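Visitor: Chains as they are written, first to last, in my numbering: chain U, 1 to 443; chain V, 1 to 337. Have a look at the structure that comes next, please.
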Amino acid sequence: MFEYDPVLYSRILTGLTLAFHTIFSTLGVGVPLLIALAEWIGIRRNDEHYHLLARRWARGYIITVAVGVVTGTAIALQLSLLWPNFMQVAGQTISLPLFLETFAFFFEAIFLGIYLYTWDRFKNKMIHLLLLIPVALGATMSGFFITTVNGFMNAPLGFNLENGVLTGINPIMAMFNPATPTKMAHVLSSAYLTSACVLAAIAAFMILRGRTHVYHKKALHLSMVVAFVCAISTALIGDLSGKYLAKYQPEKLAAAEWHFETVEEASLILGGILDENNEVKYALEIPYALSILAHGTPDAEVIGLEEFPKEEWPPLIVHYLFDLMVAIGMFLALISFIYVVMKWRKKWNELNKPLLWLIVSSGPLAMLAIEAGWFFTEEGRQPWILRGYMTTAEGATTSSHVDLMLYLFIVLYIILAVSAVVVLRRTFKENPVERELEKRGIE
Amino acid sequence: MNYELLGITVLWTFLYGYLIVASIDFGAGFFNYYTTLTGRGPIVKKVINRYLSPVWEVTNVFLIFFYVGLVGFFPSLAYYYGTALLVPGSIAIILIALRGSYYAFHHYGHKESSWYQFLYGATGLLIPASLSVVLTISEGGYITVNGDNVSLNYGDLFTSFYAWAVVLLAIVSVLYISACFLTFYAHKAKDKGAFDLLRTYALFWSGPTILASFLVFVAMSRHNDDHFSKMIDLSWLFVLSFLFFLGAVYLIWKKKHLGMSFILVMLQFATAFFGYGAAHLPYVLYPYVTIYNSFTNETMAIALVIAFIAGLLLLVPSLYLLLRLFLFDNEYVEGKR
Numbered sequence: 001m002f003e004y005d006p007v008l009y010s011r012i013l014t015g016l017t018l019a020f021h022t023i024f025s026t027l028g029v030g031v032p033l034l035i036a037l038a039e040w041i042g043i044r045r046n047d048e049h050y051h052l053l054a055r056r057w058a059r060g061y062i063i064t065v066a067v068g069v070v071t072g073t074a075i076a077l078q079l080s081l082l083w084p085n086f087m088q089v090a091g092q093t094i095s096l097p098l099f100l101e102t103f104a105f106f107f108e109a110i111f112l113g114i115y116l117y118t119w120d121r122f123k124n125k126m127i128h129l130l131l132l133i134p135v136a137l138g139a140t141m142s143g144f145f146i147t148t149v150n151g152f153m154n155a156p157l158g159f160n161l162e163n164g165v166l167t168g169i170n171p172i173m174a175m176f177n178p179a180t181p182t183k184m185a186h187v188l189s190s191a192y193l194t195s196a197c198v199l200a201a202i203a204a205f206m207i208l209r210g211r212t213h214v215y216h217k218k219a220l221h222l223s224m225v226v227a228f229v230c231a232i233s234t235a236l237i238g239d240l241s242g243k244y245l246a247k248y249q250p251e252k253l254a255a256a257e258w259h260f261e262t263v264e265e266a267s268l269i270l271g272g273i274l275d276e277n278n279e280v281k282y283a284l285e286i287p288y289a290l291s292i293l294a295h296g297t298p299d300a301e302v303i304g305l306e307e308f309p310k311e312e313w314p315p316l317i318v319h320y321l322f323d324l325m326v327a328i329g330m331f332l333a334l335i336s337f338i339y340v341v342m343k344w345r346k347k348w349n350e351l352n353k354p355l356l357w358l359i360v361s362s363g364p365l366a367m368l369a370i371e372a373g374w375f376f377t378e379e380g381r382q383p384w385i386l387r388g389y390m391t392t393a394e395g396a397t398t399s400s401h402v403d404l405m406l407y408l409f410i411v412l413y414i415i416l417a418v419s420a421v422v423v424l425r426r427t428f429k430e431n432p433v434e435r436e437l438e439k440r441g442i443e
Numbered sequence: 001m002n003y004e005l006l007g008i009t010v011l012w013t014f015l016y017g018y019l020i021v022a023s024i025d026f027g028a029g030f031f032n033y034y035t036t037l038t039g040r041g042p043i044v045k046k047v048i049n050r051y052l053s054p055v056w057e058v059t060n061v062f063l064i065f066f067y068v069g070l071v072g073f074f075p076s077l078a079y080y081y082g083t084a085l086l087v088p089g090s091i092a093i094i095l096i097a098l099r100g101s102y103y104a105f106h107h108y109g110h111k112e113s114s115w116y117q118f119l120y121g122a123t124g125l126l127i128p129a130s131l132s133v134v135l136t137i138s139e140g141g142y143i144t145v146n147g148d149n150v151s152l153n154y155g156d157l158f159t160s161f162y163a164w165a166v167v168l169l170a171i172v173s174v175l176y177i178s179a180c181f182l183t184f185y186a187h188k189a190k191d192k193g194a195f196d197l198l199r200t201y202a203l204f205w206s207g208p209t210i211l212a213s214f215l216v217f218v219a220m221s222r223h224n225d226d227h228f229s230k231m232i233d234l235s236w237l238f239v240l241s242f243l244f245f246l247g248a249v250y251l252i253w254k255k256k257h258l259g260m261s262f263i264l265v266m267l268q269f270a271t272a273f274f275g276y277g278a279a280h281l282p283y284v285l286y287p288y289v290t291i292y293n294s295f296t297n298e299t300m301a302i303a304l305v306i307a308f309i310a311g312l313l314l315l316v317p318s319l320y321l322l323l324r325l326f327l328f329d330n331e332y333v334e335g336k337r
């Protein structure tokens with residue numbers, strides 16, 4: 001297929017592992033929030049439906065957590081196996097957040113174990129709910145720390161490199177690099193959004209299947225409201241991320257927008273294709289929008305790709321990924337808005353078929369947007385592994401078996417994905433809500 | 001104590017923690033499958049699952065902790081081991097991934113499946129074998145360092161007496177540690193059937209464990225003279241380890257003080273493990289890397305130590321709570337909660 005090149009295979013394998021892990025880690029960060037909300041509402045309103053909702057969500061969640069844990073272990077170890085040269089250098093500056101991430105994960109793992117095995121053990125239900133706080137906190141903190149590592153790779157800070165020797169290392173500065181705040185906020189907010197969309201999609205699907213129990217409506221309502229709030233915040237934070245890029249990584253923004261010449265009053269390009277001479281065709285141009293996205297004013301100057309040597313350009317396909325992410329984000333905001341309005345206006349029926357089908361589509365679409373966003377941000381910093389310091393090729397392993405490992409891992413992820421879907425389906429299919437409500441004596 | 005020594009001691013302690021908790025887990029997977037095959041599954045299943053379910057995830061973290069700490073304190077090691085271990089490391093990752101997820105699939109999914117149980121049991125013996133490769137190559141003699149290139153000599157590794165002795169020790173001690181712990185847990189659960197069965201396993205595996213330990217000694221004396229002679233200097237630790245072993249087996253034999261017997265098992269492995277580790281110093285990868293030439297910069301070392309202490313302040317009470325709820329709570333252990 002290709003000539004053997006450990007760099008290429010290492011990139012594909014890392015991309016594959018991360019793409020697979022991201023599905024589960026996104027749910028890992030987002031779902032505890034929804035479980036906690038359901039349990040909290042259940043306690044406040046003394047509504048057994050919400051308690052059951054929390055229980056059932058938790059039951060599915062643990063399956064996704066298991067896959068998240070094992071793929072997370074895989075990527076942690078692969079960092080050294082596939083990128084030994086990078087780790088030797090970066091290990092000097094990023095091991096603090098990596099170390100802290102493990103602590104956060106440890107904390108989460110302990111309390112998740114306790115939470116899952118103490119449903120009926122405490123007389124006061126609030127105590128059981130409180131156990132979720134360390135779970136959610138641990139998930140969020142580990143998301144935070146690992147994102148600072150990624151931020152560091154995009155905006156390295158907190159060290160000097162002199163003749164290949166690192167000096168003046170400041171781990172705190174490396175952690176709180178300029179990329180961290182927007183990246184962190186965007187990652188968290190979009191994880192909550194995606195988890196809410198996935199859970200809403202399941203509930204909507206159940207209603208479409210003719211399940212009329214009020215339980216499903218409550219599940220749909222809770223997750224759609226969360227989705228609406230998070231869609232708005234994700235979009236707002238996304239705008240801040242654009243401003244960050246304009247200031248610190250202009251080449252990434254320029255590649256995403258196919259913005260070649262440095263001009264004022266820059267327009268934003270939606271869709272389109274690029275021909276061999278880097279001419280944009282069939283695109284929709286929105287005047288001034290890029291200047292607004294980048295600097296907040298319509299007449300601001302936006303740096304174009306031509307300011308950078310060509311060998312430092314990110315691949316120009318990132319434009320499609322960027323557009324896909326933004327388009328899906330807008331779509332999610334729109335349908336959750338429509339749902340909320342229709343629910344609020346009592347006369348309108350928010351459970352109409354077209355809207356329910358749109359909600360069903362929102363789950364997979366949200367996950368697709370997460371993948372597109374991550375691929376955009378990772379491809380967008382090519383050719384660098386440490387922007388401005390080390391290229392990806394310099395960081396990779398020289399080992400001669402990466403291709404074989406890639407095929408092994410492809411098989412592993414296929415097995416895991418298929419089994420996880422089968423197990424999740426069977427768990428819920430063979431034990432539908434209606435039967436469980438009856439069995440628990442709720443009705 | 002300098003930072004290098006402090007760092008490696010902390011990491012070694014975590015590796016020891018992993019050795020104990022993971023052995024319990026790995027062995028339990030094997031016993032779970034073995035007893036199911038021989039029709040005695042229902043006797044021990046309850047005991048195994050009651051202990052394992054809430055803690056399996058925590059077990060995994062010990063390994064990650066050790067690994068991240070190692071890369072943090074000794075970044076150059078990431079380079080040497082990372083390059084050399086691509087294949088065995090990836091295989092270990094795949095086994096760990098299958099094991100973790102199939103435990104969850106088997107356990108939290110709606111129906112139990114014997115295929116999942118088989119995967120869970122078989123990986124329990126293969127993982128210790130694949131992980132022990134790291135300890136083996138740390139003795140030197142299996143990798144070639146050629147300028148910028150580090151490569152593992154598979155021929156030397158697979159034909160090495162020492163390597164196979166270590167693999168053997170890893171597997172039998174996993175079964176021994178696990179059986180000893182589960183014996184204690186079944187006793188606490190007042191589950192006589194499980195206790196009797198697990199006790200025979202514990203006694204059965206004690207013999208091979210101590211034999212394999214001696215075998216590793218002999219193999220070591222042939223493979224790495226330098227390390228072996230340092231181990232002889234620390235021989236009092238290994239003698240102590242043997243005494244702890246005798247004590248533990250005696251108590252299990254007499255069915256007395258089973259909590260104490262498991263503590264003796266832990267001490268048996270602690271003394272041997274720290275003795276082995278201390279004799280290995282200052283090398284982390286003989287003879288290329290020592291704890292001194294691979295150490296991270298001082299700022300990061302201080303930051304890591306501070307993070308470590310802060311983390312422990314958070315972890316120790318949480319772990320205590322976990323143990324309190326699932327290990328030291330007699331009503332839970334007996335299955336009343």
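C-beta atoms are modelled at their ideal positions from N, C-alpha and C, and glycine is treated no differently. The structure displayed is predicted, hence computed values, not measured ones.
#1: So, under 8 Å CB-CB, His319/U and Trp258/U are touching, yes? Tell me the CB distance rounded to an integer number of Å.
#2: Between Val360/U and Ala200/U, what straight-line distance do the alpha-carbon atoms span, to the nearest angstrom?
#3: Could you give the residue range of the beta strand (DSSP E) that holds Glu446/U?
#4: Decide if Ile286/U is buried, meaning its Cβ has at least 16 other Cβ atoms within 10 Å, or exposed.
#5: Determine, using beta carbons only, whether Ile291/V and Leu304/V come nearer to each other than 8 Å.
#6: Using a 10 Å radius around the Cβ and a threshold of 16 neighbouring Cβ atoms, would you call Glu379/U buried or exposed?
#7: On the DSSP bridge assignment, give the partners of Val145/V in chain order.
#8: Between Tyr389/U and Ala84/V, what straight-line distance do the alpha-carbon atoms span, to the nearest angstrom?
#9: Going by beta carbon distance, what residues of the same chain come within less than 8 Å of Ala255/U, once the five residues before and after it are set aside?
#10: When the Cα atoms are used, what is the spatial distance from Ala266/U to Gly238/U?
#11: Would you say the stretch 189–205 of chain U touches the stretch 220–230 of chain U, given that touching needs at least three Cβ pairs under 8 Å?
#12: So, is Asp225/V buried or exposed, given that buried needs 16 or more other C-beta atoms within 10 angstroms?
#13: Residues of chain A with CB under 9 Å from Leu322/V, in chain order?
#14: Kindly indicate the opening and closing residues of the beta strand (DSSP E) around Thr167/U.
#15: For Asn153/V and chain U, any beta-carbon pair shorter than 8 Å?
#16: Which residue marks the beginning of the alpha helix (DSSP H) containing Leu15/V, and which one marks its end?
#17: Output, in chain order, the set of chain U residues within a Cβ distance shorter than 8 Å of Leu86/V.
#18: Using a cut-off of 7 Å between C-beta atoms, extract the partners of Asn85/U located in chain V.
#19: Hey, would you say Ser132/V sits closer than 8 Å to Val167/V, going by beta carbons?
#20: For Leu169/V, return the contacting residues in chain U, with the cut-off set at a CB-CB distance below 7 Å.
#21: Along chain V, which residues have their Cβ under 8 Å away from the Cβ of Thr71/U?
#22: Is there a Cβ of chain V sitting closer than 8 Å to that of Thr118/U, yes or no?
#23: Let me see if you follow: with CB-CB separation under 8 Å, is Phe65/V close to chain U or not?
#24: Would you mind listing the beta strand (DSSP E) stretches within the stretch 277–308 of chain V that are 3+ residues and don't spill past its ends, in chain order?
#25: Please state whether the Cβ-Cβ distance between Ala66/U and Gly100/V is less than 8 Å.
#26: Mind checking the stretch 286–302 of chain V against chain U and listing, in chain order, the residues whose C-beta falls within less than 8 Å of any C-beta there?
#27: Express the C-alpha separation of Val433/U and Tyr413/U in angstroms, rounding to a whole number.
#28: Assign Glu139/V to one of three DSSP states: helix, strand, or coil.
#29: What's the call for Leu452/U, buried or exposed, on a 16-neighbour Cβ count within 10 Å?
#30: Taking all protein chains shown into account, do 16 or more other C-beta atoms lie within 10 angstroms of the C-beta of Lys346/U, making it buried, or fewer, making it exposed?
#31: Let me know the secondary structure DSSP gives Trp83/U once reduced to three states.
#32: Opposite Thr391/U in the DSSP bridges: which residues?
#33: From the DSSP output, in three-state form, read off Lys255/V for me.
#34: Cα separation between Ile43/U and Pro156/U?
#35: Buried or exposed for Val333/V, please, with buried defined as at least 16 other CB atoms from any protein chain shown within 10 angstroms of its CB.
#36: For the alpha helix (DSSP H) containing Ile171/V, list its first residue and its last residue.
Guide: With the structure as the only source:
#1: 5 Å
#2: 7 Å
#3: Residue numbering for chain U in the displayed model covers 1 to 443; residue 446/U lies beyond these limits and cannot be assessed.
#4: exposed
#5: no
#6: buried
#7: Val150/V
#8: 25 Å
#9: Leu305, Trp313, Pro314, Pro315, Leu316, Val318, His319 and Gly380
#10: 19 Å
#11: yes
#12: exposed
#13: Among the protein chains in the structure shown, which are U and V, there is no chain A.
#14: Val165 to Thr167
#15: no
#16: Tyr3 to Leu37
#17: Leu81, Leu82, Thr397, Ser399, His401, Val402 and Met405
#18: Tyr79
#19: yes
#20: Residues of chain U passing the Cβ test: none, with the nearest at roughly 23 Å.
#21: Ala97
#22: yes
#23: yes
#24: 283–285
#25: yes
#26: Thr296, Asn297, Thr299 and Met300
#27: 30 Å
#28: coil
#29: In the structure as shown, chain U starts at 1 and stops at 443, and residue 452/U therefore has no counterpart that could be examined.
#30: exposed
#31: coil
#32: Trp384/U
#33: coil
#34: 46 Å
#35: buried
#36: Phe161 to Lys188
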